[in-house]
Amino acid sequence: MENDDDLLLLQNFIYGKFHTWDEICVFLKSLAKEYPQWVNIEAIGTTFEQRSIFMVTISSSFDNADKPSIFIEAGMHAREWLAPAVVMYSIGQLVTNSLYWKLIEETRWYFVPVANPDGYAYSHTTDRLWRKTRSPTLFPYCFGIDCNRNFDSHWSEAGSSKNPCSAVYHGPEPFSEPETSAIKEIVTRNASHIKLFLSVHSYGQAIVYPWSHDTNNSDDLEDLEKIVKEVVKSMESINGNLYRYGNAYKLTNCLAGGTSFDWAKEKAGIKYSYTIELPPDNTRSLGFLAERNEILPAAKEFFDGLQTFQKCIHKEFLQNGN
Ligand SMILES: [Zn+2]
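Counting from 1, position 75 in the sequence shown corresponds to residue 146 in my numbering; the numbering is continuous, with no gaps.
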């Protein structure tokens with residue numbers, strides 16, 4: 072029976088493994104088929120190589136248009152395999168573990184687990200350290216743009232490049248790429264009820280908040296920081312891993328224009344907007360090459376942080392009554 076096969080696949084999905092893009096798609100479709108009352112999967116765009124950019128929406132049947140929501144995108148940088156892996160774990164827990172069903176009653180969750188499918192696939196087949204998309208550029212031998220420099224927030228400014236061969240090429244114009252314009256569309260359309268925007272990367276073991284495009288703090292830095300303090304405290308209790316946090320520029324000493332989380336705050340008006348850099352910490356060189364046995368510890372830590380984010384956001388939503 073078809074349903075039994077789906078269930079078998081769900082039960083056998085190994086979270087502690089780096090999956091190919093195809094495997095992730097099969098899993099997500101099975102999840103939506105097995106839990107149609109809670110899980111919806113939709114293609115929010117199509118990449119240059121004709122892959123669908125999938126978004127997974129998870130919410131209980133007690134849904135309404137204004138339900139406070141959390142938006143999470145991962146895998147904009149192809150080589151950062153840990154990011155989709157930990158997000159897949161969170162999706163699995165929210166849907167299949169009854170301990171967490173309260174979280175999907177209180178909050179609608181939007182996940183784009185592989186925000187750069189072409190790059191992700193290419194990093195599996197050809198170049199493990201590939202970062203960008205796979206769109207053609209003006210230069211015949213240089214492919215791809217950096218999604219996290221292509222958003223319309225101080226686009227083409229510091230920390231990005233106009234050279235198509237650069238790893239931080241910002242593209243010919245803001246939102247030139249299907250990967251970034253898909254996220255723009257969905258976030259803009261739902262901005263009134265998205266209370267938290269989270270961009271998941273690896274590595275560096277840190278949580279940063281705007282701004283990344285210049286050296287200033289956001290006006291509401293204290294509010295952003297208050298939640299992060301709670302989040303890192305809970306994450307650190309899982310494996311003892313310490314997470315740094317702070318204003319993006321001040322913590323990393325690097326400027327970056329055109330990032331998704333700056334855009335979400337500046338242009339989409341989502342107050343609580345963050346980038347999380349997963350383990351390892353920045354003392355390891357080539358931390359992109361996380362080992363398979365690092366997935367589950369990082370995934371548990373991340374999911375714990377996500378629960379704390381949700382708790383803080385939910386509390387604030389109740390207090391403000393909006
Ligand atoms: Zn990254």
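We put the CB at the ideal spot given by N, CA and C, even for glycine.
Residue i versus the options, residue with shortest Cα-Cα distance
i             : options                        : result
threonine 118 : Arg205, Ser140, Ser169, Ala145 : Arg205
aspartate 333 : Arg363, Phe268, Glu105         : Phe268
cysteine 218  : Val97, Ile278, Leu326, Phe246  : Phe246
glycine 311   : Pro368, Leu292, Ser283, Gly317 : Pro368
lysine 336    : Gly242, Trp282, Asp352, Arg202 : Trp282
glutamate 301 : Ile143, Leu377, Leu174, Thr354 : Leu377
Short Cβ contact (9 Å threshold) for residue i with residue j
i              : j                : result
alanine 253    : isoleucine 115   : yes
serine 273     : proline 350      : yes
isoleucine 347 : phenylalanine 89 : no
valine 110     : alanine 370      : no
lysine 203     : alanine 238      : yes
Nearest-angstrom Cα separation, counted from residue j out to residue i
i                 : j                 : result
lysine 266        : aspartate 137     : 11 Å
leucine 213       : leucine 200       : The amino acid occupying residue 213 in the given sequence is cysteine; leucine does not appear at that position. Their Cα atoms are separated by approximately 15 Å.
phenylalanine 98  : isoleucine 162    : 11 Å
phenylalanine 388 : lysine 342        : 12 Å
proline 155       : phenylalanine 374 : 13 Å
serine 308        : asparagine 318    : 23 Å
glutamine 164     : phenylalanine 210 : 44 Å
leucine 326       : aspartate 285     : 6 Å
glycine 358       : glutamine 276     : 10 Å
serine 289        : glutamate 105     : 43 Å
threonine 197     : tyrosine 191      : 10 Å
arginine 355      : threonine 323     : 15 Å
lysine 297        : threonine 91      : 37 Å
threonine 208     : glutamine 381     : 40 Å
Residue range of the unbroken beta strand (DSSP E) whose run includes residue i
i              : result
isoleucine 265 : 265-275
glutamate 113  : 110-117
tryptophan 180 : 179-183
tyrosine 86    : Per DSSP, tyrosine 86 belongs to no beta strand (DSSP E) and is neither H nor E.
Residue i burial status per 10 Å Cβ neighbour count (16 or more: buried)
i             : result
asparagine 83 : exposed
threonine 178 : buried
aspartate 189 : buried
leucine 313   : exposed
arginine 150  : buried
threonine 251 : buried
glutamate 73  : Note that glutamate 73 scores 45 on pLDDT, short of 50, meaning its location in the model is unreliable; the coordinates nonetheless yield the value given after this. It is exposed - the Cβ of glutamate 73 has fewer than 16 other Cβ atoms within 10 Å.
Bounding residues of the alpha helix (DSSP H) (the contiguous stretch that carries residue i)
i             : result
valine 414    : Examination of residue 414 is not possible in this model, given that the chain is present from 72 through 393 alone.
glycine 190   : 188-196
glutamate 348 : First-last for glutamate 348: 343-352, but that is the beta strand (DSSP E), not the alpha helix (DSSP H).
glutamate 337 : 331-337
valine 157    : 153-167
alanine 253   : 249-260
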